[in-house]
Amino acid sequence: MAAEEEKFMNEVQDFNNNYGIMVNRKDLLRERAKTETQSLQEEAVVLGREIETLRAENIHLNTLQRQKNMFQRKLSDFQETLRGLDKEIIAVTGVTKRLVAEKLAIREKPQSDRECLRLKEQLESYREEKLESEYQALRSQIDVLQQQLCEAHGDRRTPDPSDTSPL
Numbered sequence: 268m269a270a271e272e273e274k275f276m277n278e279v280q281d282f283n284n285n286y287g288i289m290v291n292r293k294d295l296l297r298e299r300a301k302t303e304t305q306s307l308q309e310e311a312v313v314l315g316r317e318i319e320t321l322r323a324e325n326i327h328l329n330t331l332q333r334q335k336n337m338f339q340r341k342l343s344d345f346q347e348t349l350r351g352l353d354k355e356i357i358a359v360t361g362v363t364k365r366l367v368a369e370k371l372a373i374r375e376k377p378q379s380d381r382e383c384l385r386l387k388e389q390l391e392s393y394r395e396e397k398l399e400s401e402y403q404a405l406r407s408q409i410d411v412l413q414q415q416l417c418e419a420h421g422d423r424r425t426p427d428p429s430d431t432s433p434l
């Protein structure tokens, strides 16, 4: 049996040598290794590009993060300003309401305040007295003019003070 095995192995080796199966296998393994190496190199290039892209994105993300932080600070400042303005609006609204109430009270005062009513009556009486004195002055001027007119026409009659009709 050992002779048969040896004979079989020799035939297989001769067959492989004749047809180049063993050589092809080495070449095939080399080709596979070369292809695998090339594939790994291409993958390394792709990974290198991805790393550069990620670095660029990281720089971009860092820039965006800084901008976000800056905008958040500005937003916080604006919100603080808004809270201050809201407080001022509330205070000013209170002052406005008090002023409107005071204005209404002042408008009502002349009609309800005793001193204002007394002064109003006194003013009215002065007005009536002044009108009366002006009426008397005008009446006396009319009488004088009527008398002069009568004298100028030769009519010596004395005009009636209650007569206001022209001659």
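Numbering (my numbering), first residue to last: 268 to 434. Backbone N, C-alpha and C define an ideal beta-carbon position, used for all residues, glycine too.
- Rounded to the nearest whole angstrom, the CA to CA distance from E347 to I373 is 39 angstroms.
- CA-to-CA, the gap between K293 and E324 works out to about 45 angstroms.
- A direct Cα-to-Cα measurement between Q415 and I409 gives close to 10 angstroms.
- Rounded to whole angstroms, the gap between the alpha carbons of S407 and E401 is 10 angstroms.
- For D410, the enclosing alpha helix (DSSP H) starts and ends at 381–420.
- DSSP places M268 in the coil class of the three-state scheme, outside both helix and strand.
- Of the other Cβ atoms in all chains shown, 16 or more fall within 10 Å of the Cβ of Q413; this residue is therefore buried.
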